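Residue numbers (the working numbering): 4 to 284.
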Amino acid sequence: MNNLTKRVLLIFTVIPVLFASLFLLTFANHIVAHIISTALMIVGSKEMWHILTADQDMDENILVLLIPLIISIVNYLECAEIVGMGTLAIAVGILLVIIFTYQIFARENQFEHINRNIQALITLVFYPGFFFAYATKLTTLPHPAWTLVGFLVMVFCNDIFAYVFGMLWGKSTRNIFPVSPKKSLIGFIGGFIFSIVGAVVIYYMGAPIFGGSIFKAILISAVIGIVAPAGDLIESAMKRSSHVKDSGNYIPGRGGIMDNIDSLIFSAPIYYYLIVYLCLA
Numbered sequence: 004m005n006n007l008t009k010r011v012l013l014i015f016t017v018i019p020v021l022f023a024s025l026f027l028l029t030f031a032n033h034i035v036a037h038i039i040s041t042a043l044m045i046v047g048s049k050e051m052w053h054i055l056t057a058d059q060d061m062d063e064n065i066l067v068l069l070i071p072l073i074i075s076i077v078n079y080l081e082c083a084e085i086v087g088m089g090t091l092a093i094a095v096g097i098l099l100v101i102i103f104t105y106q107i108f109a110r111e112n113q114f115e116h117i118n119r120n121i122q123a124l125i126t127l128v129f130y131p132g133f134f135f136a137y138a139t140k141l142t143t144l145p146h147p148a149w150t151l152v153g154f155l156v157m158v159f160c161n162d163i164f165a166y167v168f169g170m171l172w173g174k175s176t177r178n179i180f181p182v183s184p185k186k187s188l189i190g191f192i193g194g195f196i197f198s199i200v201g202a203v204v205i206y207y208m209g210a211p212i213f214g215g216s217i218f219k220a221i222l223i224s225a226v227i228g229i230v231a232p233a234g235d236l237i238e239s240a241m242k243r244s245s246h247v248k249d250s251g252n253y254i255p256g257r258g259g260i261m262d263n264i265d266s267l268i269f270s271a272p273i274y275y276y277l278i279v280y281l282c283l284a
């Protein structure tokens, strides 16, 4: 089974589950979507820790679990309006204080790892942590199911068609980004175009998320068509620096969790604010 087939099968396996959770399992402020997001964030954080510390013999500490767990819980409470808006930002600030304070308990044989420990844990607060929280923060917007589906369609279309175009026609335009030499200009263009196509299809299906404007649908999807592959490249750069091929091996032919949600992580906050300021203002 080639990589294209695996990508298509993955998407057509995941999409029905996502649609069910978004359109049918909406009780308790979309708690099912939040649980899925929490699981992805926890596993993604563990993967990122191992990427960021791959060149040093460092044991995983309790904060690698607590950071995504606290961010997910506070984010849900904020989305459910149990706590006030801005509480997540306060939680992030407190987590940063905890990360620095935690280092005073280091044992002598851990001294040489303190700086890397701080750097890696701070990264986890934001990536995947705070950035990925915006994926479920979309449930606070009007028409949350359509808002999330529109986002996922844009990112998935970008991913699969960038791969298809790059594989079929992009070999001569590869290596534009040394951190991911197999990525091609043709692939980037194909992904960009089909991000827009995906948004236009969603628009004409009657999705009430673009303020009734095809222009806004095209503009938002064009931005996502640029930002989504940037998220992929950022993770590639981190892996390249640590001489790691995949973030994990949870998904056959697709690597780890971070290898599959890297584009979502970087795109989610951008998409959220584009919807808020372009379509809801």
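In this text, a Cβ means the ideal position worked out from N, Cα and C, and glycines have one as well.
Predicted model, so just to flag it, every value in this text is computed and none were measured.
Same chain, Cβ closer than 7 Å to residue i, five either side skipped, listed in chain order
{"i": "W149", "result": "A210, P211 and I212"}
{"i": "I102", "result": "L66, I121, L124 and I125"}
{"i": "A94", "result": "I73, I74 and V77"}
{"i": "P147", "result": "H33 and L141"}
{"i": "L99", "result": "I125 and V128"}
Test item: CB-CB of residue i and residue j under 8 Å
{"i": "I70", "j": "S48", "result": "yes"}
{"i": "I117", "j": "Q106", "result": "yes"}
{"i": "A136", "j": "W52", "result": "no"}
{"i": "S266", "j": "V156", "result": "no"}
{"i": "A225", "j": "G193", "result": "no"}
{"i": "E111", "j": "G259", "result": "no"}
{"i": "I179", "j": "K186", "result": "yes"}
{"i": "P232", "j": "F134", "result": "no"}
{"i": "C160", "j": "F108", "result": "no"}
Neighbourhood of residue i by C-beta distance below 8 Å, restricted to the same chain and skipping five residues each side
{"i": "G87", "result": "E81"}
{"i": "I278", "result": "L141, L144, T150, I212 and I223"}
{"i": "A36", "result": "S24, L25, L28, T139, T142 and L151"}
{"i": "T90", "result": "V77, L80 and E81"}
{"i": "D249", "result": "K242, G258, G259 and D262"}
{"i": "L236", "result": "F180, V182, S183 and K186"}
Where residue i falls, given that 16 or more other Cβ within 10 Å makes a residue buried
{"i": "N263", "result": "buried"}
{"i": "S175", "result": "exposed"}
{"i": "P181", "result": "exposed"}
{"i": "G214", "result": "exposed"}
{"i": "D60", "result": "exposed"}
{"i": "E63", "result": "exposed"}
{"i": "E238", "result": "buried"}
{"i": "P19", "result": "exposed"}
{"i": "S183", "result": "buried"}
{"i": "Y276", "result": "exposed"}
{"i": "Y206", "result": "buried"}
Sheet register partners of residue i (DSSP bridge)
{"i": "R177", "result": "S187"}
{"i": "I254", "result": "G258"}
Rounded distance between the beta-carbons of residue j and residue i, thought under 8 Å
{"i": "I221", "j": "A202", "result": "7 Å"}
{"i": "I199", "j": "F168", "result": "Not quite, the Cβ-Cβ distance comes to about 14 Å (not below 8 Å), so this is no contact."}
{"i": "V234", "j": "F191", "result": "Reading off the sequence shown, one finds Gly at residue 234, where the question assumed Val. Actually they are not in contact, since the Cβ atoms of G234 and F191 sit about 13 Å apart, beyond 8 Å."}
{"i": "M44", "j": "P131", "result": "5 Å"}
{"i": "N32", "j": "A83", "result": "4 Å"}
{"i": "L281", "j": "K219", "result": "5 Å"}
Neighbourhood of residue i by C-beta distance below 6 Å, restricted to the same chain and skipping five residues each side
{"i": "F293", "result": "No information on residue 293 is available, as it lies outside the stretch 4 to 284 that the chain covers here."}
{"i": "V247", "result": "I54 and A57"}
{"i": "S216", "result": "none"}
{"i": "T16", "result": "none"}
{"i": "M170", "result": "none"}
{"i": "G173", "result": "S187, I189 and G190"}
{"i": "L21", "result": "none"}
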